[in-house]
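For the sequence shown, the numbering used here gives the first residue as 346, with consecutive numbering after it.
Glycine included, every Cβ here is placed at the ideal spot set by N, Cα and C.
Computed from a predicted model, the values in this text were never measured in an experiment.
Heads up: the structure comes next, in structure tokens.
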Amino acid sequence: MRIELRDVRHVYSPGTPFAVEALKGVSLTVEPGEVLGVIGGTGSGKSTLVQHLNLLLLPTGGEVLVDGADAVSMDRTALRRRVGLVFQAPEQGLFAPTVEEDVAFAPQRLGLNEEEVRGRVREALGLLGAGHLAGRSPFALSGGERRRVAIAGVLAMGPEVLVLDEPTAGLDPTARGDLMGLVGRLKASGVTVVFVSHDLDEVAEAADRVCALEGGTVRSVGAPDEVFYDDLSLAPATVRVAAAVGERRPGFGRPVRYGETLAALRSLMGGAA
Ligand SMILES: Nc1ncnc2c1ncn2[C@@H]1O[C@H](COP(=O)(O)OP(=O)(O)OP(=O)(O)O)[C@@H](O)[C@H]1O
Ligand SMILES: [Mg+2]
């Protein structure tokens with residue numbers, strides 16, 4: 346499915362002294378099958394933006410289109426099944442006595458039989474490397490384990506688009522790597538992924554396209570090499586190093602991922618590195 350935001354505005358507490366204009370006319374498309382990374386400073390509107398993708402937040406102005414049709418008039422529950430949203434710090438939302446029951450909560454509401462629900466739960470926990478936690482209490486898990494269970498709960502609905510708001514924040518490097526590996530596997534299985542991150546390296550590794558927000562507007566959007574090389578202040582250190590080398594060595598290219606940068610440096614050094 347293709348989701349398009351057209352000139353979306355969002356004002357929190359409109360008409361009150363506390364009104365905040367969090368999105369000031371954002372236009373952006375999420376293409377089917379892509380991995381879209383959303384970056385931007387604290388308060389730039391990332392969480393507000395992604396909550397418009399399944400209409401958890403309604404736009405104050407502008408339009409949200411799903412496959413070309415106005416999403417506001419669609420069945421909200423059905424839309425939220427197709428576009429699964431994992432909140433920032435989702436582990437705070439776990440509630441059931443066991444991990445298994447927590448993950449089963451959403452698929453149970455899809456009208457599936459018990460066996461199908463169990464299958465979905467097993468598959469989702471397996472994808473997150475959390476199958477061994479099934480019988481545990483979610484409240485007796487580490488923060489990173491709880492994060493995985495919360496993501497499994499959304500995946501178990503079988504969404505076409507998975508939206509992850511800062512999925513790796515506060516996780517150790519191994520857990521981060523595992524989660525980004527999951528993003529790759531989901532993409533390979535045809536799931537569209539939108540993820541918010543403050544970690545530019547992981548955005549460079551995983552994203553097909555990048556959207557950089559600033560002050561509630563889109564500062565830049567496009568392929569990672571366009572966004573990063575056009576404005577190095579948005580780029581991870583690897584890209585800044587590559588850009589500095591490329592300035593002196595025409596033909597160095599515009600590598601974005603760590604592996605590509607290393608390969609370009611090696612070839613520059615004639616295979617000596
Ligand atoms: N529930 C709310 N009520 C009022 N203002 C809000 C609310 N949620 C967010 N805001 C404001 O909207 C703006 C955008 O917030 P948002 O949470 O979308 O930013 P963000 O880019 O996700 O930031 P972070 O990186 O810190 O998560 C900020 O100015 C914030 O203070
Ligand atoms: Mg946020």
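Could you round the C-beta distance between residue i and residue j to whole angstroms and report it? I think they count as a contact, below 8 Å.
i      : j      : result
Val353 : Val371 : 5 Å
Gly489 : Ala520 : 5 Å
Leu527 : Leu577 : 29 Å between Cβ atoms; not a contact.
Asp447 : Pro504 : About 17 Å separates the two Cβ atoms, so there is no contact after all.
Taking C-alpha atoms, which residue in the options lies nearest to residue i?
i      : options                        : result
Gly604 : Glu547, Arg594, Leu524, Phe440 : Glu547
Asp553 : Arg593, Leu470, Gly382, Ala588 : Gly382
Glu511 : Ala533, Phe540, Arg491         : Phe540
Val380 : Ala588, Val536, Ala589         : Val536
Ala588 : Leu579, Arg599, Ser578         : Arg599
Gln433 : Val555, Ala364, Thr387, Leu545 : Thr387
Glu559 : Arg421, Ser389, Val411         : Ser389
Leu350 : Pro581, Ala416, Gly429         : Ala416
Asp575 : Leu403, Leu516, Ala557         : Ala557
Glu366 : Thr405, Gly378, Leu401, Asp523 : Thr405
Ile384 : Leu478, Glu436, Ala551, Ala423 : Ala551
Asp544 : Thr606, Ser358, Leu579, Ser565 : Leu579
The beta strand (DSSP E) that contains residue i, what's its start and end?
i      : result
Leu500 : Leu500 -> not in any beta strand (DSSP E); alpha helix (DSSP H) instead, spanning 488-500.
Quick check: is any heavy atom of ligand 1 less than 8 Å from the C-beta of residue i?
i      : result
Tyr357 : yes
Ser487 : no
Leu403 : no
Check for me: the alpha helix (DSSP H) holding residue i runs from which residue to which?
i      : result
Val572 : 569-575
Val506 : Segment 506-510 is the beta strand (DSSP E) holding Val506; no alpha helix (DSSP H) there.
Thr606 : 603-613
For residue i, count the other beta carbons within 10 Å of its own beta carbon; 16 or more makes it buried, fewer makes it exposed. Which is it?
i      : result
Ala618 : Low local confidence applies: a pLDDT of 48 at Ala618 is under 50, so the model's placement there is unreliable, with the coordinate-based value given in what follows. Flag for Ala618 reads exposed.
Ala495 : buried
Ala485 : exposed
Met502 : buried
Gly360 : exposed
Pro621 : The structure shown does not extend to residue 621, since the chain spans only 346 to 618, so no value can be given for it.
Could you check whether the Cβ of residue i sits closer than 8 Å to any heavy atom belonging to ligand 2?
i      : result
Asp510 : yes
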